[in-house]
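Here the numbering used here is used: the first residue of the sequence shown is 17, the next is one more, and so on.
Glycine included, each C-beta is placed from N, C-alpha and C at the ideal position.
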Amino acid sequence: MASNQEILGPGDRPGIGRWIPLSFQHVFAMFGATVLVPLLTGLSTSTALFTAGTGTLIYILLTGAKVPTYLGSSFAFIPALVAIGKNPDMGPAYAMGGAICAGAFYCIVALIIRFAGRRWIDVALPPVVIGSVIIVIGMSLAPTAINEALYNAAGEYSLIYGSIALVTLIIAVVSTIFLKGFFNTLAILIGLIGGYLFTLIMGLFIPAYHIIDFTPVANARWFGLPFLQTDSAGRYFWLMPKFNLVAVLTFVIVSISTICEHLGDVLTTSKVVGKNFYEEPGLHRTLLGDGVATAWAALWGGPPNTTYGENIGVMAITKVYSVWVIGGAAVIAILLSFCQKFGALIQTIPTPVLGGICTLLYGLISSSGLRTIVESGIDYQDKRNLTISSIILVIGIGGGVLQFKIGQDFTFSLGSVALATVVGIILNLVIPGDKKSA
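(1) Is Phe259 helix, strand or coil by DSSP?
(2) Val149 and Ile381 look like a contact to me (Cβ under 8 Å); what is the Cβ gap, rounded to whole Å?
(3) Work out the CA separation of Gly88 and Ala309 for me, nearest whole Å.
(4) DSSP three-state call for Ser432: helix, strand or coil?
(5) Here's the rule: buried if 16 or more other CB atoms are within 10 angstroms of the residue's CB, otherwise exposed. What is Arg387?
(6) What is the residue span of the beta strand (DSSP E) that Leu87 lies within?
(7) How do the stretch 44-63 and the stretch 295-310 stand: do at least 3 beta-carbon pairs fall below 8 Å, yes or no?
(8) Look up Gln397 in the DSSP assignment and say whether it is helix, strand or coil.
(9) Short of 6 Å in beta carbon distance, which residues of its chain neighbour Glu164, apart from the five on each side in sequence? Order them along the chain.
(10) Pair every Cβ in the stretch 225-238 with every Cβ in the stretch 336-347, then say whether three or more of these pairs are closer than 8 Å.
(11) Report yes or no: do three or more beta-carbon pairs, one from the stretch 201-221 and one from the stretch 175-193, lie closer than 8 Å?
(12) How many Å lie between Phe267 and Lys287 at the Cα?
(13) I need the straight-line Cα distance from Ala349 to Trp316, nearest angstrom please.
(14) Cβ of Leu24 within 8 Å of Cβ of Ser353?
(15) Put Val336 into one of helix, strand or coil per three-state DSSP.
(16) Let me know the alpha helix (DSSP H) ranges lying completely inside the stretch 141-169, each 4 residues or longer, listed in chain order.
(17) When the Cα atoms are used, what is the spatial distance from Val152 to Gln397?
(18) Residues in its own chain within less than 7 Å of Ser19 by CB, not counting five upstream and five downstream?
(19) Taking the alpha carbon of Ala181 as the reference point, which residue from Phe358, Val336, His42, Thr375 has its own alpha carbon closest?
(20) Tell me whether Asn321 sits in a helix, a strand or coil according to DSSP, three-state version.
(21) Can you look up Leu241 in the DSSP assignment and give me helix, strand or coil?
(22) What's the C-alpha gap between Gln363 and Val289?
(23) Please confirm whether Tyr122 and Ser271 have their CB atoms less than 8 Å apart.
(24) Tell me whether Val139 is buried or exposed, calling it buried when 16 or more other Cβ atoms sit within 10 Å of its Cβ.
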């Protein structure tokens, strides 16, 4: 138990009267982003909640219950999930196979760090590469946000959709700028709820706004197994992972950028809590926990996991760093995942509401890349840095692709974020110059 001080350390367990509401705070903080990824990629929101909760418990176990970190759905993998999952020659099963291999790659990197140290990461992935790749992640998703905000299911421009997206965006922006404290961490969730309610109310008076259908909620069972998917006929099945080289390479290469994200989140958590988690329990153990949790999520048909900055923000505000509180949030998420009506209700969120939220959210991802570059003091008068960033941005945002056939039936394809990351690493290693400037 903690003393009478306000601060709760990683090992402190609050009384049950504080424990539950403190855990719910973290559920609210992670909820909007965690369910948004499956909504955008066609996966199950209930499965995402289940794998995020269980993945967090796995992370806590593998880090010796020393690091207060919540794991949720990763936005960095959205392009890969869409490209592989919606490819007619592959599909979601191959996306899950690729994600499992991405988790395995985390574990390999963790093993290398365990025995070789972590200095080589700084050489291969300096801030100029990391920041530029993060910018690409957000900007490569920008067309998706605009399409959802302005075009209906038939692909036609819609002022109705645009107005819903605009109202949603305004609510989210106002919440981000003007709300203080804990409520500021809920800006995305508040925007989603606000846009949803606006659509619902307008639909009562104007037929064109009547786009929310509660039939799936009425037909859904109260309770069910979140790791089972349903087909168009309502039959249950397990999304069995499948593997091929294209999917595996795509996800493994994207995981290079998510490893960068992991490094940043662990460092930020260390600064917030006041402990060096790079040293204890060690970066190799935090990466191992993240990797195993990602592979575990894909095994059950959920999106890959990642450490969540939203929950780091909650800890910074509340000064509650308890692993017990994080674990409590994970258990709550797991319990929510078993309520199928809850999952069906999430699926009724209108597409333009998601478009409005993503307009802000994807921009925030890119802005975090800019922040990485600015805070690292990258000198863009150095032509080496300017060249590396420029090429990464054009390839990533412009849709650059490397594609060739292997045999008659197999086509290898590497594009967008994955290709930009590989090119950035190669340029950083081969272009001569003072590496310290990068």
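So, to answer that:
(1) coil
(2) At roughly 11 Å, the Cβ-Cβ gap does not stay under 8 Å, so Val149 and Ile381 are not in contact.
(3) 10 Å
(4) helix
(5) exposed
(6) 87-89
(7) no
(8) coil
(9) Thr367, Leu370, Gly371
(10) no
(11) yes
(12) 30 Å
(13) 16 Å
(14) no
(15) strand
(16) 143-166
(17) 21 Å
(18) Any reading at Ser19 needs caution, since the residue's pLDDT is 41, under 50, leaving its predicted position unreliable; the model's value is listed next. Contacts found: none.
(19) Thr375
(20) strand
(21) coil
(22) 36 Å
(23) yes
(24) exposed
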